[in-house]
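According to my numbering, the sequence shown is numbered sequentially starting from 17.
Notes for the one structure printed next.
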Amino acid sequence: MIPVESDEDGIIIESLEEKLKKYHPKFLYFVTNYNNPTGYSLSKDRRKKIVDIMNEFDLTIIEDDPYIELNYDAPFIKPIKSSGHPNVIYLSSFSKIISPGLRVGYIIAQEDIIRKVMKLKENKDVHTSNLSQFVVREIFKDHLKRI
């Protein structure tokens with residue numbers, strides 16, 4: 017773990033670039049919305065700059081976004097994954113909007129990455145609770161028919 021300075025707009029780009037040049041990591045991990053413990057979200061401008069940095073340093077980004085649905089008053093900012101860049105792995109969860117004990121999440125990534133993650137998950141716990149998956153499906157069933 018390499019800490020990077022942040023302010024009310026999220027990660028400070030100059031601090032990130034300095035750490036990338038010094039440590040040469042292979043990927044970046046971000047909680048883009050309502051980061052804990054600050055509660056800050058990465059601004060739209062900084063998200064765009066991070067995509068540029070990702071290209072410059074040939075990095076993969078893991079965008080962990082479990083709090084995206086907790087946005088009430090702030091303007092919606094699209095996830096970094098919406099840039100269409102193939103090197104962004106997007107993670108989110110239903111536990112923040114349905115129930116904290118509900119351990120069901122999702123990943124949006126390239127197929128080969130999803131296959132690898134599925135194998136790792138199967139080795140860890142065989143599968144997610146069928147009951148939890150059923151609850152999520154029932155809650156979203158009508159909505160999914162409309163989209």
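Just so it is clear, CB atoms sit at the ideal spot from N, CA and C, and this is done for glycine as well.
The Cβ atoms of Y83 and K112 sit closer than 8 Å to each other.
The shortest CA-to-CA distance from P95 to any of Y88, P41, E79 and R131 is the one to E79. A direct Cα-to-Cα measurement between E127 and Y56 gives close to 31 Å.
M134 counts as exposed, since fewer than 16 other C-beta atoms from the protein chains shown sit within 10 angstroms of its C-beta. If you look at V104, you'll find it in the beta strand (DSSP E) that goes V104 to S109. Leaving aside the five residues that flank L75 on each side, the residues in its chain whose CB is nearer than 8 Å to its CB run, in chain order, L36, P41, K42, F43, L44, I69 and N103.
Taking all protein chains in view, the Cβ of Y122 is surrounded by fewer than 16 other Cβ atoms within 10 Å, so the residue is classified as exposed. With respect to V67, L118 sits apart: the two C-beta atoms are not nearer than 8 Å. Distance check between A90 and each of L58, P19 and I18 places L58 closest, using alpha-carbon atoms only. Check the Cα spacing between I93 and each of K140, P19, G26 and M17: the tightest is with G26. Secondary-structure assignment with DSSP links L44 through a beta bridge to I77. With respect to S31, E24 sits apart: the two C-beta atoms are not nearer than 8 Å.
In terms of Cβ geometry, K97 and Y106 form a close pair [threshold 8 Å].
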